[in-house]
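In our numbering, the protein residues as written are 310 to 356.
Written out below as structure tokens is the structure these notes cover.
Given below as structure tokens:
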């Protein structure tokens, strides 16, 4: 894991769609934060 930020979205709508079409093949970590400061992290693999 390189640890580089690939994309940041500030003030998203309630439902947010993120295009990964331009991402290179690899493993990515997505961290989501709610308005209370809680976070969840998920991993996905782009093939």
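We put the beta carbon where it would ideally sit given N, CA and C, even for glycine.
Would a C-beta distance cut-off of 8 Å place residue 327 and residue 313 closer than the cut-off? no
Where the beta strand (DSSP E) through residue 349 begins and ends: The continuous beta strand (DSSP E) containing residue 349 extends over residues 348 to 355.
Just how far apart, CA to CA, sit residue 341 and residue 349? 5 Å
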